[in-house]
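Only one structure is covered here, and it is reproduced in the block below.
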Amino acid sequence: MKPIFQRSPTLTLRLLFFSALSVSLMTLEQHNDDIHLLRTQLNHLVYPLQYLVNLPTRGANWAGEAFSSHSRLIAENRKLKNNQLILQSQLQKLELLEAENERLQNLLSSAKRVKQRVLIAEMLAVDMDPYRQNILIDKGSNHDVYVGQPIIDAHGIMGQIIRVSSNSSTALLISDPSHSIPVRVVRNGLRSIATGIGQADQIKLNFIPGNGDIEVGDVLVSSGLGGRFPVDFPVATVSRVRRPAGKPFATVFAQPAAELDRSHEILLVWQDDAPAVPDSSEPAPAQSQQQPWPSIDSLALQLVQSLPDVR
228 MKPIFQRSPT
238 LTLRLLFFSA
248 LSVSLMTLEQ
258 HNDDIHLLRT
268 QLNHLVYPLQ
278 YLVNLPTRGA
288 NWAGEAFSSH
298 SRLIAENRKL
308 KNNQLILQSQ
318 LQKLELLEAE
328 NERLQNLLSS
338 AKRVKQRVLI
348 AEMLAVDMDP
358 YRQNILIDKG
368 SNHDVYVGQP
378 IIDAHGIMGQ
388 IIRVSSNSST
398 ALLISDPSHS
408 IPVRVVRNGL
418 RSIATGIGQA
428 DQIKLNFIPG
438 NGDIEVGDVL
448 VSSGLGGRFP
458 VDFPVATVSR
468 VRRPAGKPFA
478 TVFAQPAAEL
488 DRSHEILLVW
498 QDDAPAVPDS
508 SEPAPAQSQQ
518 QPWPSIDSLA
528 LQLVQSLPDV
538 R
């Protein structure tokens, strides 16, 4: 049977010829420098063609590396942004904790100045319109809170409790127009009554004689008249004094020492004459019917009786 594919003798001869030629050229290159120089020149001539042939491959490799680097940079940038957000959140939380710790430290320092029993409470709600300056706190009758109980913050007297429920209470601030507190000037003992005017940063002093010795910057503390508030606790600092001609009393305004519109934690103070907590088996009296603070008339009467004759 005749084979389909036959090996051509010409191909065999060609293979033998080129093999012999290769061996001859390698032998000549080892013993002849001209052949080596010729090969070098041929390499220089062929290099541009090799560069052009390799250019698409090199371009593809460069594009791949660039795309990979760009994607890696985008991923790293996204990771860094996420880490930055996490760190910023942690930093803000740390700053809040530091601020809260500072407030509590100040509150603790304030508690040390009060000899009576105290309890920390937190604000739940704030009502600061011009006609009503109230706050709601998270302590009530279950914590022995009572109507008329004074409240303070780290800087001074804030007000007093006016309504009590089981687990919360409402306090009237000293800035409320219906609130009055007897005070005295630390510098000379001059007495007055501080009344709210519906502004958290300002209260008014009543019954200061026109020639009374009071100046801007004078510190006011609670005088103890009425027995409601702890004695000699900061109330306000005189901020403005006017002496209208022909008027028997000066017009005096003061800035409250307590941070009425900024405090988050307060101290409840138990006075020595605090009312006893009613037994749970007996109905509690209707506290909303009681007036928790002395009337301004009674305070004024006590104050006027204590004033020196200015005639």
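Be aware that the sequence shown starts at 228, since it is given in the numbering used here, and climbs by one per residue.
All C-beta atoms in this analysis are idealised placements derived from N, C-alpha and C, irrespective of residue type, glycine included.
Cβ-Cβ distance between residue i and residue j below 8 Å
i: A398; j: I389; result: yes
i: D365; j: S395; result: yes
i: R469; j: T478; result: yes
i: V345; j: V496; result: yes
i: E492; j: I378; result: no
i: D499; j: Q343; result: yes
i: F460; j: S449; result: yes
Separation of residue j from residue i, as counted between CA atoms
i: V372; j: K320; result: 32 Å
i: S336; j: G383; result: 11 Å
i: D440; j: N415; result: 8 Å
i: A485; j: F476; result: 26 Å
i: G453; j: R467; result: 26 Å
i: L318; j: V465; result: 39 Å
i: V462; j: V374; result: 20 Å
i: F456; j: L494; result: 13 Å
i: E325; j: H297; result: 41 Å
i: G473; j: A427; result: 30 Å
i: I408; j: L334; result: 22 Å
i: F244; j: W289; result: 43 Å
i: L417; j: M385; result: 21 Å
i: E303; j: Q315; result: 18 Å
Anticipated Cβ contact below 8 Å, residue i with residue j, distance rounded
i: L400; j: L487; result: 5 Å
i: Q429; j: Q387; result: The Cβ separation is near 19 Å, so there is no contact.
i: S402; j: V410; result: Going by Cβ atoms, the distance from S402 to V410 rounds to 14 Å, so no, they are not a contact pair.
i: G437; j: Y358; result: In fact, because the Cβ distance is near 30 Å, the residues do not count as touching under 8 Å.
i: L447; j: V412; result: 6 Å
i: Q360; j: G423; result: 6 Å
Own chain residues within Cβ distance below 7 Å of residue i, not counting five before or after
i: G291; result: none
i: I313; result: none
i: I301; result: none
i: E509; result: With a pLDDT of 39 at E509, under the threshold of 50, the modelled position of that residue is not reliable, and no figure is offered here.
Cβ-based neighbour list, residue i, same chain, cut-off 6 Å, excluding 5 preceding and 5 following
i: V353; result: I362
i: L238; result: none
Spatial neighbours of residue i in its chain, beta-carbon cut-off 8 Å, leaving aside the 5 residues before and after
i: N369; result: S393, N394
i: V443; result: V465, S466, R467, V468
i: V273; result: none
Closest by C-alpha distance to residue i, when choosing among the options
i: S405; options: A421, L269, V412, G444; result: A421
i: A480; options: N310, N433, I408; result: Looking at the sequence shown, residue 480 is not Ala but Phe. The shortest C-alpha separation from F480 is found at N433.
i: L252; options: E329, L242, R266; result: R266
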